[in-house]
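Quick notes on the structure that follows.
In my numbering, the protein residues as written are 71 to 356.
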């Protein structure tokens, strides 16, 4: 084969590869049903001294280059996302220099968007931009970004759980329950999702449903103890005692319930109204 034919074949292959790369599949609806509607130039390396240049007995082979060759290849989408993740975390770090938060947030957002432009279906980039919007309080953009991710990767129950946790932090307990239900359609035995759903159902005051859900992942005494903590936090002291009494009856050896009940039987001392009692398992962060 002559050189001309080789060059023509190489060019044809590049064009064909480019055409295939531009073909993108249309997004498909989730198989688990409708999602909840909760709306530069490179510097030259300086010459280095040979590691064997220690006298007249050194081998006459010249210097040994230990530095790998510099590559002009652009950073991968995954590398860009990793840098953006660091910048996003740094923006919310209390040790960050005052006045630099907004600049770091802009750099993080630009990084995620650059990665998505490079690889539109990159999982880390899609989740990164969704988490970015959630952290800065752009609720609608965050939900839409998560929905776009779940349309592309519909089997990721952990992402749906993330949206539920996000709604719980916004104190949208109904929305949190809806996204937990969606996550359980993907992974019906996910214990973390069931725990979140149990607490969120309790925050909507669906106590029986909350108790039934918590009992799927923990003993009855522990479930009632957790509900008692929520009831006490919401101001239902009598109902909280009833749950603790039932917990002790279910398991007389469950010390947390006994101790909590004894504490409630003591005269109440004024406390910080903003303090939240933690009764057993960690609740979704407010």
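The beta carbon of each residue, even a glycine, is placed where N, CA and C say it ideally should be. Just so we're clear, the structure is a prediction, and the values are computed from it rather than from any experiment.
Since residue 253 is in the alpha helix (DSSP H), which residue starts that stretch and which ends it?
243-256
What separation, rounded to the nearest whole angstrom, lies between the Cα atoms of residue 299 and residue 205?
28 angstroms
Between 228, 237, 278, which lies nearest to residue 262 when the distance is taken from Cα to Cα?
228
Check each candidate in 268, 158, 239 and name the one with the smallest Cα separation from residue 294.
268
Can you check the region 197-238 for any alpha helix (DSSP H) of at least 4 residues that lies completely inside it and give the ranges in chain order?
209-222
Rounded to the nearest angstrom, what separates residue 152 and residue 310 at their Cα positions?
46 angstroms
Do the region 240-248 and the region 216-232 make contact, defined as three or more Cβ pairs closer than 8 angstroms?
no
The alpha helix (DSSP H) spanning residue 330 covers which residue range?
325-335
Start and end of the alpha helix (DSSP H) containing residue 290?
290-303
Whole-angstrom distance between residue 330 and residue 336, CA atom to CA atom
10 angstroms
Option in 297, 286, 260 with minimal Cα separation from residue 274:
297
Assuming residue 272 contacts residue 280 (C-beta within less than 8 angstroms), just tell me the rounded distance between them.
4 angstroms
Test item: CB-CB of residue 265 and residue 287 under 8 angstroms:
yes
So residue 155 is in the alpha helix (DSSP H); what residue range does that whole segment cover?
147-161
Through-space distance from residue 212 to residue 202, alpha-carbon basis
8 angstroms
Just reading off the alpha helix (DSSP H) that residue 318 is part of, what are its end residues?
307-320
Could you pull the start and end residues of the alpha helix (DSSP H) that residue 270 belongs to?
261-273
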